[in-house]
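> 244 is the number of the first residue of the sequence shown in this note's numbering; add one for each residue after it.
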Amino acid sequence: MIRGITLFTLACLLLLMNPVGAFAAPTNEEVSQLAKSLGWTTDDLENYLSDKELSLEHFDSIESLKDYLGTPITPDNLNKLLKNYNMTQEELDILLTGFNETVQDYWFIEDLDVAIDFYQNHEEQMQNLEAFLLNVGMTEDETASLYQHFKKLDKQALANNISGWKEKLQAFATMDQEEQLTNASKENLLSIWKNVSKQLELTPVFYAVDDNGNRNEIALDEFMQAPQYDTVALEIYDSNDALLVDTVISPEKLTSGFAVAAADKVVNLAELSGNLTTLYDSQLPNTASFVPLFLFAGYLCILTGCIMLLRNKSKKLYEK
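Structure follows, in structure tokens:
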């Protein structure tokens, strides 16, 4: 997870379950008074909601808006929260500092509660994911660009696809390092890659990179017949042809051992995503966090491409 971006900036919350338009939004006066009580301007409040893909029109009354926002942080409820986690203020500061955050980044105690639980219980998994993405050459800015793109997608549709992707990846997660992919496996992997790219509204473009750094594009379907490439560049574009990722995957990373380990992490992360979604649903009943789904999707994009590229790599390594 990109450090320096708050949990709920990375997170993209679902819209309220009830249809919009059948209710009247809170009045301007009510909104102004609420914002003032929080030490905000009306613009601050609207921007806060916008970060969660919401607007004032999504609330049928000022009370429903207050309920959604939660309880402003005070010294008393902060101390109570610390006691619940058996933490000191210093320990909380250290935990948040690890993600370039402070208590001041949070306005509502419920948000901070979820963040503490998330960071305490899943910090290692998130750091492993970040390390993997950096290891294959993605920068933090590129990972952030992917997350921002995922925020625009249909979150429920993405969630519905996770279980299917996980099931199809099981075979690759148990792949032996010396085992060569069968033609059927290659076709299945190509199908997964195309489906993932389509559902995520991404266009991946692979290039073979020669010794002079020149790039020659490789069509996805050519992977089944093309010779193994030592160095490969991967560019990922969104539906508007904006470049999100431009990374070079070096030969030493295109090994079966690397792919097997990564596939195993993907499956575990998919399982984690379901657990985290349940956690957020239980603590914030009107919303659902899809951070784990975004992480899984980004991980899956890179991993699937890596496995596709190394179908012959294992054989060549053992022949040397």
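C-beta: ideal position from N, C-alpha, C; glycine also.
Because the structure is a prediction, the values reported are computed rather than measured.
1. Could you tell me which residues DSSP pairs with residue 476 in its beta bridges?
2. Give the DSSP bridge partners of residue 459, in chain order.
3. Using the C-alpha atoms, what's the distance from residue 402 back to residue 285?
4. Where does residue 396 fall in DSSP's three states?
5. Can you name the residues that DSSP bridges to residue 445?
6. Counting C-beta neighbours from all protein chains within 10 Å, is the total for residue 441 16 or more, i.e. buried, or is it exposed?
7. Which value, in whole angstroms, describes the spacing of the CA atoms of residue 364 and residue 337?
8. Use the C-beta contact count for residue 269: other C-beta atoms within 10 angstroms, 16 or more gives buried, fewer gives exposed.
9. Span of the alpha helix (DSSP H) holding residue 570?
10. Given a threshold of 16 other Cβ atoms within 10 Å of its Cβ, counted over all protein chains shown, does residue 346 qualify as buried or as exposed?
11. Taking contact to mean at least 3 C-beta pairs separated by less than 8 Å, is the segment 312-320 in contact with the segment 378-388?
12. I'd like to confirm the pairing. Which residues does DSSP put opposite residue 412 in its beta bridges?
13. When the Cα of residue 277 is compared with those of 293, 308 and 297, which residue comes out closest?
14. Kindly list the residues whose CB is nearer than 6 Å to the CB of residue 452, restricted to its own chain and excluding five residues on each side of it in sequence; keep chain order.
15. Just to confirm my understanding: we take residue 359, look at its own chain, exclude 5 residues before and 5 after, and list those with CB closer than 8 Å. What are they?
16. Look up residue 351 in the DSSP assignment and give the residues it is bridged to.
17. From 462, 448 and 454, pick the residue whose C-alpha is nearest to that of residue 485; which is it?
18. When you compare the CB positions of residue 412 and residue 443, do they come within less than 8 Å of one another, or not?
19. Does DSSP classify residue 338 as helix, strand or coil?
20. Helix or strand or just coil, what does DSSP make of residue 281?
21. Residue 298: which of 414, 305, 306 and 289 sits nearest, CA to CA?
22. In chain order, what residues of the same chain lie with their CB nearer than 6 Å to the CB of residue 479, ignoring the 5 residues before and after it?
23. DSSP puts residue 486 in a beta bridge; with which residues?
24. Reducing DSSP to helix, strand and coil, say where residue 272 ends up.
25. At the level of alpha carbons, what is the spacing between residue 376 and residue 279?
26. For residue 408 and residue 415, I'd like the C-alpha separation in whole angstroms.
27. From the DSSP output, in three-state form, read off residue 380 for me.
28. Apply the 10 Å Cβ neighbour rule to residue 319 and answer buried if 16 or more other Cβ atoms are within range, or exposed otherwise.
29. For residue 344, is the classification buried or exposed, using 16 other Cβ atoms within 10 angstroms of its Cβ as the cut-off for buried?
30. Between the alpha carbons of residue 317 and residue 333, how many angstroms are there, rounded?
31. Please determine, among 283, 321 and 274, the residue with the shortest C-alpha to C-alpha distance to residue 302.
Result, derived from the coordinates:
1. In the sequence shown, the residue the question calls residue 476 occupies position 233. Note: residue 476 sits in a beta bridge opposite 450 and 491.
2. What you label residue 459 is simply residue 216 of the sequence shown in a count that begins at 1. According to DSSP, residue 459 bridges with 451.
3. Position 42 of the sequence shown, counted from the start, is the residue given in the question as residue 285. Position 159 of the sequence shown, counted from the start, is the residue given in the question as residue 402. Each residue's alpha carbon lies about 33 Å from the other.
4. On the sequence shown, residue 396 is found 153 positions in, with the first residue counted as 1. Coil, per DSSP.
5. Here residue 445 refers to the residue found at position 202 of the sequence shown. For residue 445, which the question treats as bridged, DSSP gives the partners 481.
6. As a working mapping, residue 441 is identified with position 198 in the sequence shown. With fewer than 16 other Cβ atoms within 10 Å, it is exposed.
7. In the sequence shown, the residue the question calls residue 364 occupies position 121. In the sequence shown, the residue the question calls residue 337 occupies position 94. Across the structure, residue 364 and residue 337 are spaced so that their CA atoms are roughly 15 Å apart.
8. On the sequence shown, residue 269 is found 26 positions in, with the first residue counted as 1. Buried: at least 16 other Cβ atoms inside 10 Å.
9. Shown here, the chain extends from 244 to 563; a query on residue 570 therefore has no answer.
10. Numbered from 1 along the sequence shown, position 103 holds the residue referred to as residue 346. With fewer than 16 Cβ atoms within 10 Å of its Cβ, residue 346 is classed as exposed.
11. Flag = no, the segment 312-320 and the segment 378-388 do not touch.
12. Start at 1 with the first residue of the sequence shown, and residue 412 comes out as number 169. Paired residue(s): none; residue 412 is not in a bridge.
13. Your numbering for residue 277 matches position 34 in the sequence shown. For residue 277, the nearest C-alpha among the options comes from 308.
14. Within the sequence shown, the letter at position 209 stands for residue 452. Excluding residues within five positions, the ones whose Cβ falls inside 6 Å are 458, 474 and 476.
15. By one-based count along the sequence shown, residue 359 stands at place 116. The answer, listed in chain order, is 324, 328, 330, 335 and 338.
16. Here residue 351 refers to the residue found at position 108 of the sequence shown. Answer by DSSP bridge pairing, in chain order: 315.
17. Position 242 of the sequence shown holds residue 485. It is 448.
18. As a first step, residue 412 must be located in the sequence shown, where it is residue number 169. As a first step, residue 443 must be located in the sequence shown, where it is residue number 200. Taking 8 Å as the Cβ cut-off, residue 412 and residue 443 do not qualify as a contacting pair.
19. Position 95 of the sequence shown, counting from 1, holds the residue named residue 338. Assignment of residue 338 by DSSP, reduced to helix, strand and coil, places it in the helix class.
20. Indexing the sequence shown from 1 puts residue 281 at position 38. It is coil, neither helix nor strand.
21. Taking the sequence shown and counting its residues from 1, the one referred to as residue 298 is at position 55. Residue 298 has its Cα closest to that of 289, out of 414, 305, 306 and 289.
22. In the sequence shown, counting from the first residue as 1, residue 479 sits at position 236. Around residue 479: 445, 447, 487 and 488.
23. For the purposes of this step, residue 486 is identified with residue 243 of the sequence shown, where counting begins at 1. The partner list for residue 486 (beta bridge, DSSP) reads 480.
24. As a working note, residue 272 is residue 29 in the sequence shown. It is helical.
25. For the purposes of this step, residue 376 is taken as residue 133 along the sequence shown, with counting starting at 1. For the purposes of this step, residue 279 is taken as residue 36 along the sequence shown, with counting starting at 1. So the two alpha carbons sit approximately 42 Å from each other.
26. As a first step, residue 408 must be located in the sequence shown, where it is residue number 165. As a first step, residue 415 must be located in the sequence shown, where it is residue number 172. In a straight line, the C-alpha of residue 408 is about 11 Å away from that of residue 415.
27. Sequence index remark: in the sequence shown, residue 380 carries index 137 (1-based). The answer is coil: DSSP assigns residue 380 none of H, G, I, E or B.
28. For this step, residue 319 is matched to residue 76 along the sequence shown. Exposed.
29. Position 101 of the sequence shown, counted from the start, is the residue given in the question as residue 344. Residue 344 is buried by the Cβ-count criterion.
30. By one-based count along the sequence shown, residue 317 stands at place 74. By one-based count along the sequence shown, residue 333 stands at place 90. Taken atom to atom, the span from the alpha-carbon of residue 317 to that of residue 333 is near 17 Å.
31. Working through the sequence shown from its first residue, we reach residue 302 at position 59. If we check each option's Cα against that of residue 302, 274 comes out closest.
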